[in-house]
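Input: a single structure, listed below in structure tokens.
2 protein chains.
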Amino acid sequence: MSREAPTFSPLYRQIKALILQALESGEWRPGQAIPSEQELAARFSVSQGTVRKAIDEMAAENLLVRKQGKGTYVASHNDPRALFRFLRLVPIDGDLSHPQSVPLDCWRAKAGQEASRMLGIELGAPIIIVRRLLKFATRPVVIDEIYLSGEIFHGLTSEVLQGWNGSLYSLFETRFGLRMIRAQERIRAVAADRNASEALKVAEGTPLLSVERVTYTYGDRPVEWRRGLYSTAEHFYLNELN
Amino acid sequence: MSREAPTFSPLYRQIKALILQALESGEWRPGQAIPSEQELAARFSVSQGTVRKAIDEMAAENLLVRKQGKGTYVASHNDPRALFRFLRLVPIDGDLSHPQSVPLDCWRAKAGQEASRMLGIELGAPIIIVRRLLKFATRPVVIDEIYLSGEIFHGLTSEVLQGWNGSLYSLFETRFGLRMIRAQERIRAVAADRNASEALKVAEGTPLLSVERVTYTYGDRPVEWRRGLYSTAEHFYLNELN
DNA sequence: TAGTGGTCTAGACCACGAC
DNA sequence: TCGTGGTCTAGACCACTAT
Numbered sequence: 003m004s005r006e007a008p009t010f011s012p013l014y015r016q017i018k019a020l021i022l023q024a025l026e027s028g029e030w031r032p033g034q035a036i037p038s039e040q041e042l043a044a045r046f047s048v049s050q051g052t053v054r055k056a057i058d059e060m061a062a063e064n065l066l067v068r069k070q071g072k073g074t075y076v077a078s079h080n081d082p083r084a085l086f087r088f089l090r091l092v093p094i095d096g097d098l099s100h101p102q103s104v105p106l107d108c109w110r111a112k113a114g115q116e117a118s119r120m121l122g123i124e125l126g127a128p129i130i131i132v133r134r135l136l137k138f139a140t141r142p143v144v145i146d147e148i149y150l151s152g153e154i155f156h157g158l159t160s161e162v163l164q165g166w167n168g169s170l171y172s173l174f175e176t177r178f179g180l181r182m183i184r185a186q187e188r189i190r191a192v193a194a195d196r197n198a199s200e201a202l203k204v205a206e207g208t209p210l211l212s213v214e215r216v217t218y219t220y221g222d223r224p225v226e227w228r229r230g231l232y233s234t235a236e237h238f239y240l241n242e243l244n
Numbered sequence: 003m004s005r006e007a008p009t010f011s012p013l014y015r016q017i018k019a020l021i022l023q024a025l026e027s028g029e030w031r032p033g034q035a036i037p038s039e040q041e042l043a044a045r046f047s048v049s050q051g052t053v054r055k056a057i058d059e060m061a062a063e064n065l066l067v068r069k070q071g072k073g074t075y076v077a078s079h080n081d082p083r084a085l086f087r088f089l090r091l092v093p094i095d096g097d098l099s100h101p102q103s104v105p106l107d108c109w110r111a112k113a114g115q116e117a118s119r120m121l122g123i124e125l126g127a128p129i130i131i132v133r134r135l136l137k138f139a140t141r142p143v144v145i146d147e148i149y150l151s152g153e154i155f156h157g158l159t160s161e162v163l164q165g166w167n168g169s170l171y172s173l174f175e176t177r178f179g180l181r182m183i184r185a186q187e188r189i190r191a192v193a194a195d196r197n198a199s200e201a202l203k204v205a206e207g208t209p210l211l212s213v214e215r216v217t218y219t220y221g222d223r224p225v226e227w228r229r230g231l232y233s234t235a236e237h238f239y240l241n242e243l244n
């Protein structure tokens, strides 16, 4: 294991990159356990402590989940704990109910300027657009327009969406092998237009949160761009600053 | 060093608590270096590795800052890098300019229901209310109303605010010895009322972000509650989801 | 050159979960 | 009882900063 990388990178980071690579290649699937620290140490010819430090960082990044006495697992969006990782919307009256995703529409198009820039694909490349509603206890709260690369999400149709009973990201993970790692949201305040007011059942002109999200998979590759309008009549966007 | 705490807590966490305590007591002041890992290890009669793990966690929590070859320093809001830690507002046109805080008003009052709940003080306890404007390059972008416990911020006046040339939190830190550790923000969309429209120079009814923030010091003690209205005409609220 | 944090190792023991 | 991750130690060496 060379330590003389062009810009010096400690051994544990090289190990981290190797584990990441195995993860990316699908050697271990979401929800499954990865080999024990001892096994990995032997495989990479380093000490257990070095593997541990690599895994520590990956656990901090929500890529892996440690379970004492059992093993280390590949994080999965199927895990119910992952549900609110990217959804920062909370009912004002503490009532933390399960959101429900209602697909409204799904069609194919060609990437415009914005979509191509956000998704890092060519202008005119095939994309898929999904419109969906997010409900908390029968009440519509978010209307989303989601832009996906047609290449990656080949085979995504209304039927697939209808038939899925969970979060979108868990669908992406199981159906397309795409793991969402991190996201960036840009939030502004806008007035509800006709469409939004009908979908969210609020008066036209009602102030709404406009939330633009770009979601990244391994290697900081953007794979999803979505524009959401959030009704904050009975919910707020909760953010922890550390 | 007992390891048989009621609910088991590893040694490095006990060390962390001790360091935290020294920090809180003011033994080392913001911006100053704390003793070397070896010295702390000797002082607490543990190995350097154990101290290191404690410090690692505190560095991850932005309480300490490590500088290789030099030492470990107490984090400070005077550090320019801390400026955008709690301010997630970014110009739409990349132009990352320095915000300027303009105090408008500062008066004494008694805590109402909301303020007393948010600040964890008694109903009717003395509080100080600050109104201030945040400008980016002469343009007003945020109007804030800030609620502070009169006990803690005894001596805070308009004059003190006027005479300070930096962030509020850096004032709090140097003048009142209060270190802001973490915060929680609740964001909603609202329409600009008369006051806000005048302060932010937008039309009445313009959608604005309403950002309510509770800020905590050591021991998760809430010490500041603020309500801000953000104009998102030329800025957006940026949030990283990990 | 001296002192600091950063990395790496090897081994011992503890806590937890499953069998 | 066994295997896993979690903690703790002690020592060696590397990288950065200052003098």
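Residue numbers (the working numbering), protein chains in the order written: chain W, 3 to 244; chain X, 3 to 244.
Even glycine gets a Cβ: it sits at the ideal position worked out from N, Cα and C.
What distance in whole Å lies between the Cβ atoms of residue j and residue i, which are believed to be in contact at a cut-off of 8 Å?
i	j	result
residue 185(X)	residue 141(X)	Actually they are not in contact, since the Cβ atoms of residue 185(X) and residue 141(X) sit about 24 Å apart, beyond 8 Å.
residue 135(W)	residue 201(W)	6 Å
residue 128(X)	residue 161(X)	That belief does not hold up - the Cβ atoms of residue 128(X) and residue 161(X) are roughly 19 Å apart, past 8 Å.
residue 26(W)	residue 149(W)	About 23 Å separates the two Cβ atoms, so there is no contact after all.
residue 193(X)	residue 145(X)	So it is not a contact: roughly 14 Å between Cβ atoms.
residue 183(W)	residue 85(W)	Going by Cβ atoms, the distance from residue 183(W) to residue 85(W) rounds to 16 Å, so no, they are not a contact pair.
residue 61(W)	residue 67(W)	7 Å
residue 104(W)	residue 137(W)	6 Å
residue 132(W)	residue 89(W)	Going by Cβ atoms, the distance from residue 132(W) to residue 89(W) rounds to 16 Å, so no, they are not a contact pair.
residue 28(X)	residue 179(X)	7 Å
residue 187(W)	residue 243(X)	6 Å
residue 209(W)	residue 191(X)	4 Å
Determine the chain X residues that contact residue i at a beta-carbon separation under 7 Å, and present them in chain order.
i	result
residue 238(W)	188, 189, 190
residue 52(W)	Ordered by position in chain X, no residue passes the 7 Å Cβ test against residue 52(W), which lies about 14 Å from the chain.
Going along chain X, which residues have a C-beta under 9 Å from residue i?
i	result
residue 242(W)	184, 185, 186, 187
Applying a beta-carbon distance threshold of less than 9 Å, which residues of chain W neighbour residue i?
i	result
residue 39(X)	Ordered by position in chain W, no residue passes the 9 Å Cβ test against residue 39(X), which lies about 17 Å from the chain.
Quick one: which chain X residues come within Cβ less than 8 Å of residue i?
i	result
residue 63(W)	244
### Query
Of the residues that make up the segment 173–198 of chain X, which ones have a beta carbon closer than 8 Å to any beta carbon in chain W?
184, 185, 186, 187, 188, 189, 190, 191, 192, 193
#### Entry: Residues, ordered as in the chain, of the segment 127–158 of chain X that lie near chain W by beta-carbon distance below 7 Å
Per Cβ criterion, the list is empty.
### Residues from the segment 199–227 of chain X in contact with chain W, defined by Cβ distance under 7 Å
209, 210, 211
### Continuous alpha helix (DSSP H) assignments of at least 4 residues falling wholly in the segment 161–239 of chain X
170–178, 196–202
#### Entry: Members of the segment 75–91 of chain X near chain W, C-beta cut-off 8 Å
87, 88, 90
### Message
Quick test of the definition: if touching needs 3 or more C-beta pairs under 8 Å, does the segment 67–79 of chain X touch the segment 25–33 of chain X?
### Response
yes
#### Entry: the segment 13–20 of chain X in contact with the segment 108–116 of chain W per 3-pair CB rule at 8 Å
no
### Message
Quick test of the definition: if touching needs 3 or more C-beta pairs under 8 Å, does the segment 232–241 of chain W touch the segment 88–100 of chain W?
### Response
yes
### Message
Extract the residue ranges of the beta strand (DSSP E) inside the segment 72–125 of chain W, only unbroken runs of 3 or more that lie entirely within it.
### Response
73–76, 91–93, 101–112
### Query
Curious, which full-length beta strand (DSSP E) runs of at least 3 residues does the segment 6–39 of chain X contain?
Those beta strand (DSSP E) runs which fall completely within the segment 6–39 of chain X and span 3+ residues do not exist here.
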